Amino acid sequence: MIHTVTTIHVEYDPLFDQTNVIRRRCVGYFLDIEDARRCIEGNWSDIYENGHYNMAVIESIKPGIYVYPRAEIWFGWVRRSETDQGYKLVPEKPDGLRRQVGFGIG
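Put into structure tokens, the structure is as follows:
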């Protein structure tokens, strides 16, 4: 199984009451899920790209074609202060994205 790391910028549109994916980028994958987690939580190589991506997701995928992720772990960018900021685990997938899968390998 591989674990893709994808950064995403999402915005809520109150006019249509929906969450939109503005941009996304699969920045890599890992064979060990803990490495994928450390990559996001440590913002390796500035995957946040100075504010370009406000969320990140790890998708665990088995080899093959047209496969769906077996699991997802979501993170959101939190900025409490200049020195206390980073991707933090969020309890669940954002409501507006519940019907979407395959962010890393679509």
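Numbering of the sequence shown is given in this note's numbering, commencing with residue 1 and proceeding in unit increments. For glycine and all other residues, C-beta sits at the position ideal for the given N, C-alpha and C. Remember, predicted model here, so these are calculated numbers, not experimental data.
Cα separation between residue i and residue j?
i, j, result
"Y11", "I22", "Looking at the sequence itself, residue 11 is Glu, so the reference to Tyr does not match. One C-alpha to the other measures close to 7 Å."
"I33", "Q18", "30 Å"
"V90", "A56", "10 Å"
"P69", "P63", "10 Å"
"S81", "R98", "30 Å"
Can residue i be considered in contact with the ligand ATP, in the sense that its beta carbon sits closer than 8 Å to one or more heavy atoms?
i, result
"G106", "Ligands displayed in this structure: none; no statement on the ligand ATP is therefore possible."
Between the options, which has its C-alpha nearest residue i's C-alpha?
i, options, result
"Y29", "S60, M55, D13", "S60"
"D95", "V67, W74, I65", "W74"
"V27", "F16, L15, P14, S45", "S45"
"E49", "D35, N20, Y87", "Y87"
"M1", "K93, I65, T83, R79", "I65"
Quick one: what does DSSP say residue i is sitting in, helix, strand or coil?
i, result
"D46", "helix"
"I40", "helix"
"I65", "coil"
So if DSSP puts residue i in a beta bridge, which residue, or which two residues, is it bridged to?
i, result
"D17", "Answer is none; D17 lacks a bridge partner."
Give me the Cβ distance between residue i and residue j, rounded to the nearest whole Å; I'm assuming they're in contact under 8 Å.
i, j, result
"I40", "I47", "7 Å"
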